[in-house]
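Protein chains: 2
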Amino acid sequence: MTNGAWPISWDDVLRARERIAPYLTATPLRRYAALDEEIGARVLVKHDNHLPTNAFKARNAMSVISALAPDERKRGVIAATRGNHGAGLAWAGALVGVPVVICVPVGNNPEKNAAMRGFGAELIEEGRDYDEAAAIAARIAQERGLVVAHSTNDARVIAGAATITAEIIEQAAAMHERIDAMVVAVGGGSQAVGALVATRARATHIDVYGVQASGAAAIHDAWHAGEPRHYDRAQTFADGLATRSTYAMTFGALREGLRGFVKVDDAALAESVRILIRTTHNLVEGAGAAGLAGLRALRDQLAGKTVAVILSGANIDENSLRRVLNREI
Amino acid sequence: MTNGAWPISWDDVLRARERIAPYLTATPLRRYAALDEEIGARVLVKHDNHLPTNAFKARNAMSVISALAPDERKRGVIAATRGNHGAGLAWAGALVGVPVVICVPVGNNPEKNAAMRGFGAELIEEGRDYDEAAAIAARIAQERGLVVAHSTNDARVIAGAATITAEIIEQAAAMHERIDAMVVAVGGGSQAVGALVATRARATHIDVYGVQASGAAAIHDAWHAGEPRHYDRAQTFADGLATRSTYAMTFGALREGLRGFVKVDDAALAESVRILIRTTHNLVEGAGAAGLAGLRALRDQLAGKTVAVILSGANIDENSLRRVLNREI
Chain A
17 MTNGAWPISW
27 DDVLRARERI
37 APYLTATPLR
47 RYAALDEEIG
57 ARVLVKHDNH
67 LPTNAFKARN
77 AMSVISALAP
87 DERKRGVIAA
97 TRGNHGAGLA
107 WAGALVGVPV
117 VICVPVGNNP
127 EKNAAMRGFG
137 AELIEEGRDY
147 DEAAAIAARI
157 AQERGLVVAH
167 STNDARVIAG
177 AATITAEIIE
187 QAAAMHERID
197 AMVVAVGGGS
207 QAVGALVATR
217 ARATHIDVYG
227 VQASGAAAIH
237 DAWHAGEPRH
247 YDRAQTFADG
257 LATRSTYAMT
267 FGALREGLRG
277 FVKVDDAALA
287 ESVRILIRTT
297 HNLVEGAGAA
307 GLAGLRALRD
317 QLAGKTVAVI
327 LSGANIDENS
337 LRRVLNREI
Chain B
17 MTNGAWPISW
27 DDVLRARERI
37 APYLTATPLR
47 RYAALDEEIG
57 ARVLVKHDNH
67 LPTNAFKARN
77 AMSVISALAP
87 DERKRGVIAA
97 TRGNHGAGLA
107 WAGALVGVPV
117 VICVPVGNNP
127 EKNAAMRGFG
137 AELIEEGRDY
147 DEAAAIAARI
157 AQERGLVVAH
167 STNDARVIAG
177 AATITAEIIE
187 QAAAMHERID
197 AMVVAVGGGS
207 QAVGALVATR
217 ARATHIDVYG
227 VQASGAAAIH
237 DAWHAGEPRH
247 YDRAQTFADG
257 LATRSTYAMT
267 FGALREGLRG
277 FVKVDDAALA
287 ESVRILIRTT
297 HNLVEGAGAA
307 GLAGLRALRD
317 QLAGKTVAVI
327 LSGANIDENS
337 LRRVLNREI
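If you want it as structure tokens, here you go:
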């Protein structure tokens with residue numbers, strides 16, 4: 017099914033797409049003249065903020081939930097998350113009738129917690145950060161016999177994320193656009209590895225770049241160093257990017273496939289949130305604006321090119337949004 | 017085709033729906049547990065902010081543009097607007113190949129102006145307010161032989177707006193929801209008259225309420241007084257609601273059909289913008305949050321009921337959004 021660095025094949029993507037199709041329609045790919053002018057490139061915006069949880073993670077989660085065996089559906093799933101992966105699982109579980117337990121660290125984004133509870137998930141708030149919440153999830157999974165749905169290290173998750181780029185390639189063709197590059201946010205790497213698998217299968221002319229937050233740059237640093245990294249902390253207002261290590265299922269593919277990998281500080285992420293609000297009038301969280309922030313960092317290389325970025329997620333909390341607009345971030 | 021107070025028939029709505037279907041897919045109807053809890057009602061949110069111009073006016077505009085005769089298409093259309101109607105026309109015109117001229121008052125929302133120019137419209141900034149821009153549009157229409165596309169007084173516009181509620185009724189049925197009421201923002205009245213035409217034809221159990229901004233309450237006041245009103249000014253940050261008179265094609269139907277009509281001040285509109293951001297993580301302008309603000313004003317009557325509101329548009333400018341989040345509005 018896979019070989020070498022690649023955790024999934026194009027066939028896995030097609031199968032994921034078929035599984036999630038009854039629940040998720042394709043999201044729009046749009047251009048905004050004001051955004052093009054601001055960036056100095058032809059920017060195609062993929063609106064995964066339109067998905068039911070306002071984030072692409074709905075694809076990943078439904079890809080997992082829809083692939084469960086009947087006895088697994090009955091037992092239920094558990095995951096650690098900072099929010100969007102958990103909201104995706106909670107939404108997908110509610111739709112298909114699978115119990116979902118979510119572990120978040122103490123002090124997690126309260127609006128993301130409310131959304132997960134709103135979809136009916138059991139929420140466990142424990143641990144200092146994502147990694148500690150993940151350890152707690154592993155323990156509870158054993159105690160209760162639940163299926164663990166990892167946010168990154170799961171072939172079904174990566175195949176779900178790859179459906180974004182599969183759609184982009186088809187939509188761009190229908191719009192008579194030839195995409196030169198994509199700049200893709202890397203939290204755990206599912207979105208970027210998904211983009212690599214899809215472009216390698218269907219659009220090899222597209223260069224894929226990765227982008228991480230400077231305060232949570234373990235995968236970025238590891239990519240440049242050529243070996244895995246594990247850091248003690250992650251510090252960024254873009255909670256969806258706040259990871260602190262490489263992941264077994266994505267690092268090899270990122271190493272092999274990415275054309276480049278940049279990092280951007282919180283001020284640059286916040287500026288991209290403001291640009292997207294001003295030019296597209298869509299709400300976006302820090303992680304969701306990272307693709308655009310990476311494009312801005314790569315401005316010299318990508319000036320005048322046609323570049324696709326993924327707008328996802330949108331789940332910024334009100335307080336962070338106010339700080340972004342007040343230029344406090 | 018029509019009778020008495022009613023400017024359009026259900027057949028007109030079906031025809032508009034057929035005309036716009038190639039260009040606009042149905043927007044989602046969703047529930048948010050955190051919003052229900054905040055409001056104390058079961059709230060169905062219609063996401064017309066997902067449309068290409070982030071506003072329901074894309075329906076109205078495409079309904080007009082797609083109904084033009086071949087010679088009218090060649091001549092082009094002109095309209096006065098504060099923004100969303102003009103953006104809709106500019107978008108629809110660009111898609112179908114019809115030249116579009118838009119007249120806006122001096123000092124209009126700069127981000128809305130940029131969007132209209134971005135879709136390729138010719139923008140004329142002249143006049144103190146909407147009414148003066150409308151007079152300028154009428155003059156230019158004569159000089160150049162353009163078709164005037166009025167934002168409200170046009171049967172095709174109202175039929176386009178009615179497709180929102182036609183979709184809501186079908187989607188609610190598919191979700192096994194029984195809607196008790198809708199609370200609908202009134203700028204010129206196309207959205208509300210559209211809701212009335214659709215509910216009278218397909219869901220007579222739904223009570224439709226209107227809502228206006230206190231600083232632009234001509235139609236509200238006229239509705240309660242039983243006779244048309246024309247005011248000298250309109251003052252609200254919700255520019256999409258800043259009208260100052262009744263309109264010939266909507267007033268009679270609003271009088272006959274609306275179950276009630278409330279007004280809300282800018283502080284209440286701003287609070288609803290914040291609530292929608294916090295609970296749904298969708299951006300919304302003042303006019304787009306007016307349905308929810310009206311529901312909050314009607315809280316005593318509608319507590320515990322199932323109520324649909326339309327989230328549209330989303331084109332708040334960055335400065336107004338900052339003021340809303342800083343509680344300066």
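Read top to bottom, the protein sequences are chains A and B. Heads up, our numbering is the position in the first sequence plus 16, with the first residue counted as 1. Heads up, our numbering is the position in the second sequence plus 16, with the first residue counted as 1. For each residue, glycine too, the CB sits at the ideal point set by N, CA and C.
7 Å Cβ shell around residue i - same chain, five flanking residues per side excluded
i, result
"GLY210 (chain A)", "ILE174, ALA177, ALA178, ILE180 and THR181"
Presumed contact (8 Å Cβ cut-off) between residue i and residue j, rounded CB distance
i, j, result
"HIS101 (chain B)", "ALA108 (chain B)", "Not a contact, Cβ separation roughly 11 Å."
"ILE36 (chain A)", "SER79 (chain A)", "6 Å"
"LEU311 (chain A)", "ILE55 (chain A)", "6 Å"
"VAL200 (chain B)", "ILE326 (chain B)", "7 Å"
"LYS279 (chain B)", "ALA57 (chain B)", "Between ALA57 (chain B) and LYS279 (chain B) the Cβ distance is about 20 Å, and since that is not below 8 Å, they are no contact."
"HIS66 (chain B)", "ARG46 (chain B)", "That belief does not hold up - the Cβ atoms of HIS66 (chain B) and ARG46 (chain B) are roughly 10 Å apart, past 8 Å."
"ASN125 (chain A)", "ARG160 (chain A)", "Actually they do not touch by this definition, with Cβ atoms about 25 Å apart."
"VAL116 (chain A)", "ALA106 (chain A)", "5 Å"
"ILE222 (chain A)", "ASP196 (chain A)", "7 Å"
"VAL213 (chain A)", "ALA306 (chain A)", "Wrong, their Cβ atoms sit about 20 Å apart, outside the cutoff."
C-beta atoms of residue i and residue j nearer than 8 Å
i, j, result
"GLY205 (chain A)", "ILE235 (chain A)", "yes"
"VAL323 (chain B)", "MET198 (chain B)", "yes"
"ALA250 (chain B)", "ILE345 (chain B)", "no"
"GLU261 (chain A)", "HIS240 (chain A)", "Note that residue 261 (chain A) corresponds to Ser in the displayed sequence, not to Glu. Cβ distance not < 8 Å, so SER261 (chain A) and HIS240 (chain A) don't count as in contact."
"GLY203 (chain A)", "THR259 (chain A)", "yes"
"TYR48 (chain A)", "VAL29 (chain A)", "no"
"HIS297 (chain A)", "ALA286 (chain B)", "no"
"ALA131 (chain A)", "ALA149 (chain A)", "no"
"LEU162 (chain A)", "GLY113 (chain A)", "no"
"GLY304 (chain B)", "TYR225 (chain B)", "no"
"GLU334 (chain B)", "ARG294 (chain A)", "yes"
"PRO257 (chain A)", "SER288 (chain A)", "Just to set this straight, residue 257 (chain A) is Leu in the shown sequence, not Pro. No."
"ALA32 (chain B)", "ARG172 (chain B)", "yes"
"LEU270 (chain B)", "ALA208 (chain B)", "yes"
"LEU51 (chain B)", "LEU337 (chain A)", "no"
"ALA21 (chain B)", "GLU186 (chain B)", "no"
"LEU299 (chain B)", "LEU299 (chain A)", "yes"
"ALA238 (chain A)", "PHE267 (chain A)", "yes"
Residue i burial status per 10 Å Cβ neighbour count (16 or more: buried)
i, result
"ASP170 (chain B)", "buried"
"GLY231 (chain B)", "buried"
"ALA319 (chain B)", "exposed"
"THR358 (chain B)", "Within the shown structure, residues of chain B are numbered from 17 to 345, placing residue 358 (chain B) beyond reach of any answer."
"VAL122 (chain B)", "exposed"
"ALA189 (chain B)", "exposed"
"ASP255 (chain B)", "buried"
"GLU301 (chain B)", "buried"
"THR18 (chain A)", "Any reading at THR18 (chain A) is ruled out, since the residue's pLDDT is 48, under 50, leaving its predicted position unreliable."
"ARG194 (chain B)", "exposed"
"GLU10 (chain A)", "Nothing can be reported for residue 10 (chain A), as the shown portion of chain A is limited to 17 through 345."
"ALA85 (chain B)", "exposed"
"LYS90 (chain B)", "exposed"
"GLY136 (chain B)", "exposed"
"ARG75 (chain B)", "buried"
"GLY143 (chain A)", "buried"
"ASP145 (chain A)", "buried"
"GLY242 (chain B)", "exposed"
"ASP27 (chain A)", "exposed"
Chain-order list of residues whose beta-carbon lies under 6 Å from that of residue i (same chain, five-residue window excluded)
i, result
"MET265 (chain A)", "PRO23 and ASN169"
"ALA313 (chain B)", "VAL278 and VAL280"
"PHE72 (chain A)", "ASP64, ILE180 and SER328"
"GLU141 (chain B)", "VAL120 and VAL122"
"ARG339 (chain A)", "ILE345"
"PRO68 (chain A)", "ALA74 and TRP107"
Heavy atom of the ligand NAP within 7 Å of residue i beta-carbon
i, result
"ALA306 (chain A)", "In the structure on display, the ligand NAP does not appear, and there are no ligands present to speak of."
Residue i at chain E interface by Cβ criterion, 8 Å
i, result
"LEU337 (chain B)", "Note that chain E does not occur in the displayed structure, where the protein chains are A and B."
Only counting runs of 3 or more residues, tell me where the beta strand (DSSP E) segments fall wholly within the region 128-164 of chain A, in order along the chain. Runs of the beta strand (DSSP E) inside the region 128-164 of chain A: 138-141.
Contiguous beta strand (DSSP E) assignments of at least 3 residues, all confined to the region 181-267 of chain A: Runs of the beta strand (DSSP E) inside the region 181-267 of chain A: 197-201 and 223-229.
Can you list, in chain order, the stretches of the beta strand (DSSP E) that have 3 or more residues and sit fully within the region 27-100 of chain B? Within the region 27-100 of chain B, the complete beta strand (DSSP E) segments of 3 residues or longer fall at 58-62 and 93-96, listed in chain order.
Contained alpha helix (DSSP H) runs [length at least 4] in the region 290-322 of chain A, N- to C-terminal order: If we require 4 residues or more, the alpha helix (DSSP H) runs fully inside the region 290-322 of chain A come out as 306-313 and 315-318.
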